[in-house]
Amino acid sequence: MGESADGAHEDQAADNRLWQHCLHEDNVRYQQGNLFLVAQSLLAVAYGTILTAGDTNLPSARVIAAFGIAFTLTWLYVGHRHFRYFRAIQRLATARFAEYAETLTCRPPGLSSLPLIVYALPSFAALMWLILLVIT
């Protein structure tokens, strides 16, 4: 009887670790997104400030725009890798927790907001930087 209780306790501990890991990765994704959005905003402010200072600063504005493109590509890469990792954890959680699987099936049909956050936001930022680089 003691072995059965130990096994149940180990299963519960494993379930808790998996669920905490799932929550942690979800939190990390949003923190990463916030970090990249704030950094993009600061770059955009720097770009605008340099342009309002006069035409002599156009090379500096181009450097910031080029850096913005590189930074956005980094954001896209980090987001893509984390998205794939989170999906793997989500599959494990779905297989382990019936309530979680049921909750996921109750979502409205169509595109999830997660790919929009991971792929669309960086893509829009990259487009913005490309346009700004071209017009300066």
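When you line the sequence shown up against our numbering, it's residues 1 to 136, in that order.
C-beta atoms are modelled at their ideal positions from N, C-alpha and C, and glycine is treated no differently.
- Counting only the Cα atoms, residue 103 lies some 28 angstroms from residue 76.
- Separation of residue 11 and residue 89 (C-alpha to C-alpha, rounded to the nearest whole angstrom) is 17 angstroms.
- Closest by C-alpha distance to residue 114, out of 30, 61 and 37, is 30.
- Measuring C-alpha to C-alpha distances from residue 87 to each of 108, 112, 53 and 106 identifies 112 as the nearest.
- A distance below 8 angstroms separates the beta carbons of residue 129 and residue 72.
- Collapsing the DSSP output to three states places residue 136 in coil.
- Counting other Cβ atoms within 10 Å of its Cβ, residue 64 reaches 16 or more and is therefore classed as buried.
- Residue burial is scored here from C-beta neighbours: residue 40 has at least 16 other C-beta atoms within 10 angstroms and is therefore classed as buried.
- Unbroken alpha helix (DSSP H) stretches of 4 residues or longer found wholly inside the segment 84–123: 98–105, given in chain order.
- About 6 angstroms separates the beta carbons of residue 96 and residue 18, which is inside the 8 angstroms limit, making them a contact pair.
- Excluding residues up to 5 positions away in sequence, 86 and 89 lie with their Cβ nearer than 6 angstroms to the Cβ of residue 25 in the same chain.
- Between residue 93 and the set 80, 107, 16 and 70, the nearest pair of CA atoms involves 16.
- Collapsing the DSSP output to three states places residue 68 in a helix.
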